[in-house]
Amino acid sequence: MKRPHQHKVNSEIALTHLFTRKRQIIMAAMGVTVGVGIFIFMNSLMKGFDRYSTESLFKTVPHLRIYREDAMSAPIAQGDGDSTHAAVILNPKITNRSKKIINPDEIMAQVKSLPYVTAVTPDVAVNVFYNNGQAQVPGRVSGVDIREEDAMFNLTASMLEGNIKEIETRQDGIALGEGIVKKLNVRLGDNITVSSAVGVSKTLKVIGIFKTGITSIDKTKSYVNIAMAQQLIRQGPSYITDIFVNVTDANKAKTYIDEIKATTDYDVEDWETANSSAMAANRIRRVMAFSISMSILLVAGFGIYNILNMTIMQKMNDIAILKAMGFSGWDVTKIFMMQALLIGMIGVMLGWGLGILIVTLLAKVYVGGDIGYFPIRFEPYYFGMATLFGLIVTSLAGFLPARKAAKVDPVEIFRK
Amino acid sequence: MITRENILETKGIGKYFTDPVKIKVLDEISFEVHRGEFLTLVGKSGCGKSTLLYILSTMDRNYEGELQIDGEILTRKSVDRLAAVRNEKIGFVFQFHYLLPEFSCLKNVMIPAMKLGKYSRKEIEARAYQKLEMLGIQDQALKQASKLSGGQQQRVAIARALINDPLIIMGDEPTGNLDSKNAGIVFDIFKELSTVHNQTIIAVTHDNDFARQSDRTIEMLDGKIVSHGR
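Respectively, the protein sequence lines represent chains W and F. Quick note: the first sequence uses the numbering used here, first residue 1, plus one each step. Quick note: the second sequence uses the numbering used here, first residue 417, plus one each step.
The following block contains the structure:
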């Protein structure tokens with residue numbers, strides 16, 4: 001049959017049902033509101049923490065590191081598995097092969113020519129003791145090309161006193177972490193002695209003090225001119241242990257490893273592998289935040305399910321009469337699904353408000369320490385996810401009762 | 417009456433109830449209803465007259481035999497097709513008025529027409545007012561359905577049954593829940609619909625006065641027709 005006029009009679013019925021039960025509807029929507037609000041808040045906070053920890057990580061860790069891995073000594077002859085040839089067994093040890101990177105300038109030039117590489121800097125790492133009179137502090141000196149290093153890690157921003165750029169011109173200058181300075185009880189301009197494992201001892205002048213905010217770094221790390229570091233381990237000017245590489249997108253660092261490996265023949269390690277335990281902790285945090293906020297949304301879904309179920313129980317007669325008047329099962333499903341979705345949408349929108357409120361307030365809360373203010377900000381992605389999950393949960397919660405309503409047999413109702 | 421056009425026809429309708437034991441509640445029910453006929457179904461309670469009405473109304477699909485309305489065999493048609501047939505061709509009046517309580521009387525009358533979508537909203541509203549006026553309750557149109565008296569609600573239900581100009585009005589004890597005064601009013605309305613508007617009506621009743629004044633009365637006993645009333 002032709003239907004020249006399409007009236008939105010299903011939605012009109014759904015809306016009337018909603019308006020006549022305002023309080024119940026608001027309670028059900030509140031569940032979704034809390035779920036969505038908490039979802040936005042928790043995930044934004046975790047994202048903020050993630051970003052904060054990654055940012056502080058990148059103060060000292062490059063996206064990629066090119067280095068030579070320690071090799072283990074191999075048996076002189078391998079057994080071949082059959083009884084006529086025995087393996088020569090030796091106690092495997094780290095070989096004394098040099099960790100030197102040969103021809104570093106060429107490698108750096110090559111790596112730098114890759115389109116996604118933003119900065120390349122050489123590094124000579126030396127384990128040392130910092131001495132001032134009786135005080136002795138173990139730590140690690142980095143010999144660096146300070147201009148490249150500063151471009152990569154923005155060291156200038158971490159300086160408390162002095163100018164780290166002086167390292168370039170002063171062979172005997174050293175920039176110390178704040179923790180070392182405290183232990184040695186020195187000030188800018190004082191001299192300290194630095195001695196390495198190979199027996200070289202140098203007297204250096206403190207030309208800078210920095211604080212990265214990462215305690216383990218601030219207590220051990222120092223920067224010197226690359227030539228000074230080479231002297232500390234009795235090596236010549238071409239001796240480089242690591243090459244640090246930064247790329248345009250840190251999250252893609254892993255994918256570039258193979259390509260860089262192919263050009264250099266050395267080991268390449270990305271920052272995520274180098275800090276895998278920190279990454280694992282981040283992941284655990286994220287999973288926790290997600291599962292907690294999802295459970296709240298699920299509980300909200302049960303709330304909607306309950307209310308719709310109750311409504312349908314009360315409205316058996318109405319459903320029967322609608323069916324008698326020619327409404328199909330699908331019409332009835334739509335009437336109740338629409339109610340669930342409207343409750344969901346109201347809840348989601350209020351949830352946005354709650355999320356915005358919590359994030360705004362928390363961003364103003366000072367937590368102290370290295371973090372300062374709560375590292376939280378608006379993450380549109382999580383607003384989107386919360387909306388998506390909120391609507392999925394409410395549609396599921398609405399669908400089950402709505403389908404039950406669709407299956408109501410009017411004859412059974414009228415017979416009673 | 418010159419034309420004796422069959423509006424509704426049944427052939428050998430039978431039905432079983434299986435709970436708790438299998439009982440045959442309808443047996444070989446065959447009859448025709450002509451256009452404009454005011455037919456009543458009577459019988460003791462449990463004789464199967466309501467069960468038969470639900471089959472005629474297409475809401476109960478679980479029966480033997482054949483049902484034909486307006487030339488279309490409806491037996492074994494899909495649930496959705498039957499819903500569309502009910503919407504377009506059948507108007508219901510129940511013992512318990514069964515209005516949707518949250519809606520105004522006017523909206524209650526309009527809903528089946530909005531579902532049908534044959535007229536614009538304005539036309540539907542005008543038609544609904546016209547039906548309410550015909551039944552003398554136009555002044556209650558904007559009141560919420562649940563605020564009316566039983567007799568008034570039943571009249572709104574009749575207006576709702578009429579809104580799509582159905583081929584057949586089916587009533588299940590339409591006066592069963594009313595006092596004698598209101599029952600009289602409702603009966604007069606049915607009679608007028610039948611005589612003045614040539615409306616086909618099939619009503620189940622146990623009210624003998626009601627039945628006596630209809631065009632024809634089919635009497636049932638133990639699931640069988642004992643008298644075709646002719």
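C-beta: ideal position from N, C-alpha, C; glycine also. Being a predicted model, the structure only gives us computed values, none of them experimental.
Nearest neighbour of residue i, chosen from the options [CA to CA]
i: W:MET228; options: W:LYS202, W:GLY347 and W:ASP105; result: W:LYS202
i: W:THR333; options: W:LEU350, W:PHE399 and W:THR394; result: W:PHE399
i: W:ASN251; options: W:TYR239, W:LEU232, W:ASP265 and W:GLU272; result: W:GLU272
i: W:SER216; options: W:THR360, W:LEU57, W:LEU204 and W:SER395; result: W:LEU57
i: F:ILE618; options: F:LEU469, F:GLY464 and F:LYS438; result: F:LEU469
i: W:TRP188; options: W:ILE356, W:GLY213 and W:GLY162; result: Just to set this straight, residue 188 of chain W is Leu in the shown sequence, not Trp. Out of W:ILE356, W:GLY213 and W:GLY162, W:GLY162 has the C-alpha closest to the C-alpha of W:LEU188.
i: F:ALA599; options: F:PHE510, F:LEU457, F:ILE485 and F:ASN614; result: F:PHE510
i: F:ASP604; options: F:LEU578, F:LEU551, F:THR633 and F:ALA542; result: F:LEU551
i: W:LEU342; options: W:MET325, W:ALA289 and W:ALA397; result: W:ALA397
i: F:GLY668; options: F:LEU442, F:GLU448, F:MET475 and F:ARG451; result: The structure shown does not extend to residue 668 of chain F, since chain F is modelled only from 417 to 646, so the question has no answer here.
i: F:THR426; options: F:ARG502, F:ILE439 and F:THR491; result: F:THR491
i: F:ASN422; options: F:ASN503, F:GLN484 and F:ALA627; result: F:GLN484
i: W:PHE336; options: W:LYS8, W:HIS17, W:ALA278 and W:GLN6; result: W:HIS17
i: W:ALA405; options: W:ASP331, W:ILE94, W:TRP352 and W:MET385; result: W:ASP331
i: W:ILE257; options: W:ILE107, W:ARG23 and W:GLU269; result: W:GLU269
i: W:VAL36; options: W:LEU388, W:PRO410 and W:ALA402; result: W:LEU388
i: F:LYS559; options: F:SER536, F:PHE433 and F:PRO517; result: F:PRO517
i: W:ILE174; options: W:LEU160, W:ASN317 and W:ILE192; result: W:ILE192
i: W:TYR373; options: W:GLY384, W:TYR381, W:LEU361 and W:PRO380; result: W:LEU361
i: W:VAL111; options: W:GLN339, W:ILE243 and W:ALA363; result: W:ILE243
Proximal chain F residues relative to residue i, where beta-carbon distance stays under 8 Å
i: W:LYS22; result: Per Cβ cutoff of 8 Å: no residues; W:LYS22 is ~12 Å from chain F at best.
i: W:VAL9; result: ILE527, MET530 and LYS531
N-terminal and C-terminal residue of the alpha helix (DSSP H) that residue i is part of
i: W:GLY179; result: 178–184
i: W:PHE378; result: Here W:PHE378 belongs to no alpha helix (DSSP H), and DSSP marks it neither H nor E.
i: F:LYS640; result: No alpha helix (DSSP H) contains F:LYS640, which is instead part of the beta strand (DSSP E) from 640–643.
i: F:GLY530; result: Checking the displayed sequence, the identity of residue 530 of chain F turns out to be Met instead of Gly. From DSSP, the alpha helix (DSSP H) with F:MET530 extends over 521–532.
i: F:LEU498; result: 495–505
i: W:GLU12; result: 9–19
i: F:THR467; result: 465–472
i: W:MET152; result: 146–153
Which residues DSSP lists as bridging residue i, in chain order
i: W:PHE49; result: Note: W:PHE49 sits in no beta bridge, so no partner.
i: W:ASP270; result: W:LEU64
i: W:ALA119; result: W:ASN246
i: F:TYR432; result: F:LYS440
i: F:GLN484; result: F:GLU425 and F:ILE489
i: W:PHE399; result: W:PHE399 pairs with nothing; no bridge assigned.
i: W:PRO138; result: W:PHE129
i: F:VAL509; result: F:GLY587
i: W:ASN43; result: Bridge partners of W:ASN43: none, in fact.
i: W:ALA175; result: W:GLY208 and W:TYR223
i: F:PHE454; result: F:ILE617
i: W:TYR305; result: Partner(s): none; W:TYR305 has no beta bridge.
i: F:GLY459; result: F:MET636
i: F:THR560; result: Going by the sequence as given, residue 560 of chain F is Gln instead of Thr. The partner list for F:GLN560 (beta bridge, DSSP) reads F:SER520.
i: W:TYR366; result: W:TYR373
Proximal residues of chain W, C-beta to C-beta of residue i below 8 Å
i: F:ARG543; result: The premise fails here: F:ARG543 is roughly 13 Å from chain W at the closest Cβ pair, so nothing lies under 8 Å.
i: F:PRO528; result: MET325 and GLY326
i: F:ARG571; result: Neighbours of F:ARG571 on chain W: none; closest Cβ ~16 Å, over 8 Å.
Limits of the beta strand (DSSP E) - the one that residue i falls within
i: W:LYS202; result: 201–210
i: W:ASP370; result: Segment: none, W:ASP370 is in no beta strand (DSSP E) and carries neither H nor E.
i: F:HIS450; result: 439–450
i: W:GLY344; result: Unbroken run through W:GLY344 is the alpha helix (DSSP H), 329–363; no beta strand (DSSP E).
i: W:PRO92; result: Careful: W:PRO92 lies outside any beta strand (DSSP E) and carries neither H nor E.
i: W:SER196; result: 191–196
i: F:ASN614; result: No beta strand (DSSP E) holds F:ASN614; DSSP gives it neither H nor E.
i: F:ILE634; result: 632–637
i: W:GLY162; result: 159–162
Contacts of residue i in chain F (Cβ-Cβ under 7 Å)
i: W:ILE16; result: It should be pointed out that residue 16 of chain W corresponds to Thr in this sequence rather than to Ile. Simply GLU518 and PHE519.
Under 9 Å from the C-beta of residue i: neighbouring residues of chain W
i: F:TYR470; result: PRO410, VAL411, PHE414 and ARG415
i: F:TYR514; result: ASN317, ASP318, ALA320, ILE321, ALA324 and PHE414
i: F:ARG537; result: HIS5 and HIS7
Amino acids of chain W, ordered along the chain, whose beta-carbon sits closer than 7 Å to that of residue i
i: F:ASN503; result: MET325 and GLY326
i: F:ASP435; result: Simply none; closest approach about 11 Å.
i: F:ASP486; result: What F:ASP486 touches in chain W: nothing, since even the nearest Cβ is about 12 Å away.
i: F:ASP476; result: VAL411
i: F:PHE510; result: PHE414
message: Beta carbons nearer than 8 Å to chain F: which residues of the stretch 323–340 of chain W have them?
response: LYS323, ALA324, MET325, GLY326, PHE327, SER328, GLY329, TRP330 and ASP331
task: Closer than 8 Å, Cβ to Cβ, to anything on chain W: give me those residues from the stretch 488–499 of chain F, in chain order.
output: VAL495, ASP496 and ALA499
query: Using a Cβ cut-off of 7 Å, which residues of the stretch 310–322 of chain W contact any Cβ in chain F, in chain order?
result: ASN317, ASP318 and ILE321
Positions along the stretch 587–620 of chain F whose CB lies within less than 9 Å of some CB in chain B: This model lacks chain B altogether, as its protein chains are W and F.
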